[in-house]
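*Asks:* If you're matching them up, the sequences are chains Z and G in order. Counting from 0, one number per residue, gives the positions in the first sequence under numbering that gives the first Met the number 0. Counting from 0, one number per residue, gives the positions in the second sequence under numbering that gives the first Met the number 0. This is the structure I want to talk about, given as structure tokens.
There are 2 protein chains.
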Amino acid sequence: MTWLLLPSSGVGGIQPKSYPCFKVQFWSNLPLPYQTFDGDNLMGEHANTLASQVSAEIEARIRAGGLAVGARLPSLRQGAQQFGVAKNTMVEAYDRLVARGVLSVRPGSGFYVRQQFPAPAIPERPHLQQAVDAATLLSEQLERRFRTRIGEGRPPSAWIEGVVATRHLRQALAGHGGKSGQHYDDPAGYLPLRETLAGMLAERAIKVDPTNIVMTFGGNHAFDLIIRQLVRPGDPVLVESPGYYPLFAKLKLIGARMIPVTRTLRGPEPAMLDAAAKASGARVFFTQSLAQNPTGGSLDLPTAHQILRVAEENGLTIVEDDIFGDLLPATAPRLAALDGSQRVLLVGSFAKTLSATLRVGYVAGPPQLLGALQAMKMLTVVNSCGHTERVVNATLADGAYRRHLGRLRRRIMDSAGILSAWARELGMAVHVDPAGGYYAWLRLPDGVSDSDLARRAAERDIFLAPGSIFYPDGSPGQSRHLRMNVAYAGDARVPRFLAEQCFG
Amino acid sequence: MTWLLLPSSGVGGIQPKSYPCFKVQFWSNLPLPYQTFDGDNLMGEHANTLASQVSAEIEARIRAGGLAVGARLPSLRQGAQQFGVAKNTMVEAYDRLVARGVLSVRPGSGFYVRQQFPAPAIPERPHLQQAVDAATLLSEQLERRFRTRIGEGRPPSAWIEGVVATRHLRQALAGHGGKSGQHYDDPAGYLPLRETLAGMLAERAIKVDPTNIVMTFGGNHAFDLIIRQLVRPGDPVLVESPGYYPLFAKLKLIGARMIPVTRTLRGPEPAMLDAAAKASGARVFFTQSLAQNPTGGSLDLPTAHQILRVAEENGLTIVEDDIFGDLLPATAPRLAALDGSQRVLLVGSFAKTLSATLRVGYVAGPPQLLGALQAMKMLTVVNSCGHTERVVNATLADGAYRRHLGRLRRRIMDSAGILSAWARELGMAVHVDPAGGYYAWLRLPDGVSDSDLARRAAERDIFLAPGSIFYPDGSPGQSRHLRMNVAYAGDARVPRFLAEQCFG
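Written as structure tokens, this is what we have:
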């Protein structure tokens with residue numbers, strides 16, 4: 000038994016007795032339970048148990064230099080005696096220290112002090128940090144439970160869940176496993192679903208072959224694959240301003256240089272797109288033609304033609320976000336419909352119309368780009384989820400989804416009407432798109448800061464989305480708008496709060 | 000009607016008549032059906048229809064300069080007459096050209112030649128190309144249907160599917176949608192499943208809190224998140240040689256510099272790991288402790304201790320691939336079990352034991368790293384699939400999975416026995432791990448090239464995985480091994496082929 004016990008630094012207010020070297024008695028008569036301390040060596044949930052107090056004390060001694068590396072600790076019996084705890088408690092205390100890497104155990108011999116090494120650091124990543132900052136609202140949405148949630152980007156789960164029935168699951172299950180002995184899924188995604196999607200897109204005058212559709216884990220995964228394929232660090236990239244901030248976060252992550260193009264309610268400004276493309280040399284433009292996030296505005300046909308012409312002249316690839324596509328009229332103008340599969344990548348998803356928990360999205364577009372995206376998908380995630388793709392296909396095939404969309408559209412229109420009514424009553428300008436979609440863009444009166452307002456709202460448990468965060472260079476107070484989710488327009492606390500804050 | 004028709008270049012062997020300017024008669028008396036040509040302007044499946052022949056001919060004329068940009072085409076009636084086809088066929092021919100972006104249509108006016116712009120290019124990405132090259136075998140596996148598939152990395156789907164029953168799907172469905180009105184899923188993944196996993200890991204002496212587990216879309220997605228979080232372009236990264244080539248592909252994609260550490264059947268060489276870490280300054284080491292891909296070898300306890308010590312001394316984060324974990328004894332040595340949540344990220348998956356179509360995997364490890372991975376996941380894919388996570392949890396909870404694992408283990412052991420038997424008979428050395436797993440590492444006789452052999456096998460519809468591809472700098476013929484998937488050992492064509500090729 001070769002170990003040294005140096006004087007403790009007195010953490011926790013306990014002074015050890017001094018012991019002769021080579022003959023260790025350990026601490027005796029510990030005043031247990033004693034006050035726990037706030038250090039990082041205690042896990043919150045165990046802070047009040049005896050074992051954790053004992054283990055914390057031992058760890059503090061070791062860290063303070065009281066026990067050298069390689070020193071053996073007292074036996075379980077001795078330890079229990081010295082701490083005045085049951086032997087089981089001592090077992091648990093030592094076990095915790097082994098689990099934390101503080102002690103090692105040699106079977107049949109006892110517990111020893113392990114050499115301590117600093118935990119490995121996460122490398123400094125300025126782009127990553129900026130991207131995480133930009134995604135703060137996303138994380139707020141996903142994590143915090145506000146009572147009033149008109150700032151949310153997503154529909155209430157009650158509006159979109161419940162369409163997938165057990166019979167669809169059974170149908171999906173019949174497609175894999177079981178008797179069919181079917182092989183692994185197609186890496187581009189479940190082919191029958193891609194065929195169904197090609198049919199749905201054809202209704203929107205978008206002609207695409209099922210082999211030029213790649214399934215993804217939702218729309219954000221589609222953007223991620225596209226960005227990794229088409230954008231290199233430092234590249235200029237054209238984005239709408241205001242626009243979809245989770246996209247900005249992904250572009251920041253890769254270190255792209257975002258070039259803003261003003262988004263009006265009728266679409267992106269064609270002249271500005273042209274000038275920005277020529278000045279920056281950017282080769283990719285991200286846009287959401289219909290029911291845009293955050294303005295709710297939809298592209299009109301003349302603007303669509305101009306945008307496509309600018310893209311052609313400047314050799315741009317257009318990434319067209321159509322995640323509300325299933326909710327909007329088939330005749331609404333989409334760049335992909337005008338394009339003839341030359342340069343538009345269309346991104347779709349079922350996350351905002353069918354189920355947020357299924358994570359089924361897709362990219363459709365020109366063969367050469369789709370082939371590259373499929374290779375990127377195979378490299379990074381190998382395959383998508385054949386099971387959920389079968390579930391979605393079964394739900395589409397029996398008409399349940401189409402009926403659900405009809406109900407959902409009426410619900411959105413009713414809610415949009417409610418929002419329009421109270422905005423009018425408050426004397427605030429609001430854009431609600433006649434084509435549908437969840438977003439409305441509410442203009443605040445002069446002198447009201449969007450970010451101040453959102454902060455005050457949060458204190459009242461109301462989640463507001465300030466317009467500023469939707470700008471690629473988003474500084475607080477940059478906008479005098481709020482993005483409203485019409486699905487929550489029926490909550491009377493919102494107009495009450497706005498009346499009081501803006502006109503009170 | 001202002002358009003020009005210049006002499007055709009004669010594609011397809013048809014010579015146009017000459018027409019006066021401003022008075023277009025179009026081609027008449029076309030010898031239809033005529034031979035289709037191999038150009039890239041015909042889609043294979045329509046090549047034999049009349050409409051595609053007509054549209055191909057028109058497109059060829061335009062590309063040859065026979066019709067200027069902005070020129071109007073003959074009316075449908077005129078066109079049909081000139082080509083000697085029905086009007087419907089002419090409609091389809093024009094529609095195809097609109098879809099291909101060759102013509103534009105002005106409602107009420109007719110069809111016009113659109114300006115042609117080159118398709119947008121995919122940026123040059125040397126790293127990406129290398130990564131795709133490295134993933135060739137992966138794509139072979141996923142796409143090509145060999146009759147004999149002993150080179151496959153995955154188990155036969157019949158071995159692993161069919162465990163998820165309708166009742167699990169019903170249970171999973173009950174957890175979302177329906178009456179519960181449950182909100183969006185936790186971005187780290189379905190918490191009850193993470194709790195189940197924490198319990199399963201505890202059986203392997205790996206202590207991890209459910210909050211320090213992040214669910215992913217399978218093991219490869221987990222590696223992708225980890226690499227994007229921890230590795231920057233140009234960073235040195237330690238990898239096993241031979242090792243898991245889809246991992247190498249992901250590291251190439253990000254532009255990492257791979258530093259090989261020799262992998263023996265007992266684990267990575269600790270002294271080599273130490274030297275390589277010190278010489279390169281690498282901070283991350285990727286390893287598969289048990290049933291390694293491709294050697295099938297498993298880490299022994301003394302090596303595990305040494306590896307962990309080297310990692311501690313060099314400040315390495317270890318990424319431990321444990322995707323066969325559920326198949327292997329709980330007592331098998333895993334670095335994560337020795338580590339005490341300091342520096343080991345453990346990657347698990349259900350793809351090779353439960354279902355390849357569910358895409359459910361996870362990372363478990365130290366809190367600071369897991370928090371960062373969760374942020375990366377939220378930025379890039381927002382969330383995992385709550386539905387499939389509920390399905391997996393329901394399958395684990397009722398014991399179906401555990402019973403299935405027992406059957407699967409026996410099946411693997413039986414097959415491994417068959418493989419050992421014929422390898423012995425052939426006089427070839429083969430490593431089959433007593434702990435289990437799908438892989439065996441078969442040594443070829445002197446003078447036999449692994450890559451030549453695999454090529455010859457492919458000609459006989461036998462898929463062999465040559466050892467060379469599992470080396471990070473994999474040049475053909477570098478190895479004298481084949482990776483065998485024991486699940487296919489019962490196919491007598493393999494030993495017959497080897498006998499003939501190696502000893503014939």
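Ideal Cβ positions, reconstructed from N, Cα and C, are used throughout, including at glycine. Small disclaimer: the values here were computed from a predicted structure and weren't measured.
May I ask you to list the residues that DSSP assigns as paired with Z:Gly509?
*Replies:* Outside the modelled stretch of chain Z, which goes from 0 to 503, sits residue 509 of chain Z, for which no answer is possible.
*Asks:* Give a yes or no on contact between the stretch 280–294 of chain G and the stretch 438–449 of chain G, applying the rule of three or more CB pairs nearer than 8 Å.
*Replies:* Result yes; three or more Cβ-Cβ pairs closer than 8 Å.
*Asks:* Tell me which residue opens and which closes the alpha helix (DSSP H) that Z:Asn219 is part of.
*Replies:* Segment 218–229, the alpha helix (DSSP H) holding Z:Asn219.
*Asks:* Give me the Cα-Cα distance between G:Gly65 and G:Pro73, rounded to the nearest whole angstrom.
*Replies:* Going from the Cα of G:Gly65 to the Cα of G:Pro73 covers about 14 Å.
*Asks:* With DSSP as the reference, label Z:Leu102 as helix, strand or coil.
*Replies:* Z:Leu102 falls in the strand class under three-state DSSP.
*Asks:* I'd like to know whether the C-beta atoms of Z:Gly69 and Z:Tyr111 end up nearer to each other than 8 Å.
*Replies:* Closer than 8 Å, so yes.
*Asks:* Taking a cut of 8 Å between CB atoms, which residues from the stretch 350–363 of chain G lie near chain Z?
*Replies:* Hits within the stretch, in order: Ser354, Ala355, Thr356, Leu357, Arg358.
*Asks:* So for Z:Ser348, helix, strand or coil by DSSP?
*Replies:* Strand at Z:Ser348.
*Asks:* Under 8 Å between the Cβ atoms of G:Ser478 and G:Asp449?
*Replies:* Cβ distance < 8 Å, so G:Ser478 and G:Asp449 count as in contact.
*Asks:* Look up Z:Val493 in the DSSP assignment and say whether it is helix, strand or coil.
*Replies:* If DSSP states are grouped into helix, strand and coil, Z:Val493 belongs with the helices.
*Asks:* Is Z:Val381 close to chain G? Criterion is C-beta to C-beta, closer than 8 Å.
*Replies:* Yes, its Cβ sits closer than 8 Å to a Cβ of chain G.
*Asks:* If you run the structure through DSSP and keep just helix, strand and coil, what is G:Glu311?
*Replies:* The answer is helix: DSSP assigns G:Glu311 an H, G or I state.
*Asks:* So, using beta-carbon positions, are Z:Gly489 and Z:Gly360 closer together than 8 Å?
*Replies:* In this structure, Z:Gly360 does not lie closer than 8 Å to Z:Gly489 by Cβ.
*Asks:* Taking only beta carbons into account, state which residues of the stretch 211–222 of chain Z come closer than 8 Å to chain G, listed in chain order.
*Replies:* Taking 8 Å as the Cβ-Cβ cut-off against chain G, the residues of the stretch 211–222 of chain Z that qualify are Phe216, Gly217, Asn219, His220.
*Asks:* DSSP three-state label for G:Ala67, please.
*Replies:* The answer is coil: DSSP assigns G:Ala67 none of H, G, I, E or B.
*Asks:* State yes or no: is the beta carbon of Z:Ala130 nearer than 8 Å to at least one beta carbon in chain G?
*Replies:* Output row for Z:Ala130: interface = yes.
*Asks:* First and last residue of the alpha helix (DSSP H) that includes G:Val359?
*Replies:* Per DSSP, G:Val359 belongs to no alpha helix (DSSP H) and is neither H nor E.
*Asks:* At 3 residues or longer, and completely inside the stretch 429–471 of chain G: list those beta strand (DSSP E) runs for me, N to C.
*Replies:* Runs found: 429–431, 438–442.
*Asks:* Kindly provide the ranges of any beta strand (DSSP E) runs that are 3 or more residues long and lie completely inside the stretch 220–288 of chain Z, ordered along the chain.
*Replies:* Counting whole runs of 3 or more residues, the stretch 220–288 of chain Z contains the beta strand (DSSP E) stretches 235–240, 256–263, 283–286.
*Asks:* When the Cα of Z:Phe222 is compared with those of Z:Ile322, Z:Lys277, Z:Ala303, which residue comes out closest?
*Replies:* Looking at the Cα atoms, Z:Ile322 is the closest of the given residues.
*Asks:* Quick one: using the 10 Å Cβ neighbour count with 16 as the cut-off for buried, is Z:Thr379 buried or exposed?
*Replies:* It is buried - the Cβ of Z:Thr379 has at least 16 other Cβ atoms within 10 Å.
*Asks:* In or out: Z:Lys22 buried (at least 16 other Cβ within 10 Å) or exposed?
*Replies:* Caution is warranted here: a pLDDT of 27 is assigned to Z:Lys22, below 50, making its placement in the model unreliable, and the coordinate value is therefore given only provisionally. The residue is exposed, with fewer than 16 neighbouring Cβ atoms inside 10 Å.
*Asks:* Between Z:Arg482 and Z:Phe469, how many whole angstroms is the CB-CB distance? I'm expecting something under 8 Å.
*Replies:* At roughly 7 Å, the Cβ-Cβ gap stays under 8 Å, so Z:Arg482 and Z:Phe469 are in contact.
*Asks:* Flag G:Ile315 as yes if its beta-carbon sits less than 8 Å from any beta-carbon of chain Z, otherwise no.
*Replies:* The amino acid at residue 315 of chain G is misidentified as Ile; the sequence shows Leu. It does: the Cβ of G:Leu315 has a partner Cβ on chain Z nearer than 8 Å.
*Asks:* Could you work out which residues of chain A lie near Z:Ile121, taking near to mean beta carbons separated by less than 8 Å?
*Replies:* Reference to chain A is not applicable here, since the protein chains of this structure are Z and G.
*Asks:* Could you spell out the range, first to last residue, of the beta strand (DSSP E) harbouring G:Gly109?
*Replies:* Looking at the DSSP string, the run of the beta strand (DSSP E) that includes G:Gly109 is 109–112.
*Asks:* Short of 8 Å Cβ to Cβ, which residues in the stretch 239–252 of chain G face chain Z?
*Replies:* Cβ contacts with chain Z: Pro245, Ala248, Lys249, Leu252.
*Asks:* Tell me which same chain residues have a C-beta within less than 7 Å of the C-beta of Z:Arg459, skipping the five on either side of it?
*Replies:* Phe496, listed in sequence order.
*Asks:* Alpha carbons only, please: which of Z:Thr88, Z:Glu58, Z:Pro119, Z:Ala55 is nearest the one belonging to G:Asn313?
*Replies:* Looking at the Cα atoms, Z:Pro119 is the closest of the given residues.
*Asks:* So with Cβ pairs under 8 Å, would you call G:Gly339 a contact of chain Z?
*Replies:* It does; some Cβ of chain Z falls within 8 Å.
*Asks:* Identify each residue in the stretch 281–300 of chain Z for which the Cβ-Cβ distance to at least one residue of chain G is less than 7 Å, and report them in chain order.
*Replies:* Listed in sequence order: Arg282.
*Asks:* Show which residues of chain Z have a CB atom less than 7 Å away from the CB atom of G:Gly385.
*Replies:* Chain Z residues near G:Gly385: Thr356.
*Asks:* Count the other C-beta atoms from every protein chain shown that fall within 10 angstroms of the C-beta of G:Lys351, then say buried if there are 16 or more, exposed otherwise.
*Replies:* Buried.
*Asks:* Figure out for me which residue from G:Arg423, G:His430, G:Ala434 has the closest Cα to the Cα of G:Ala498.
*Replies:* Among G:Arg423, G:His430, G:Ala434, the Cα nearest to that of G:Ala498 belongs to G:Arg423.
*Asks:* Can you pull the chain Z neighbours of G:Arg169, defined as C-beta to C-beta under 8 Å?
*Replies:* Near G:Arg169 (Cβ distances below 8 Å), the residues of chain Z are Thr165, Leu168.
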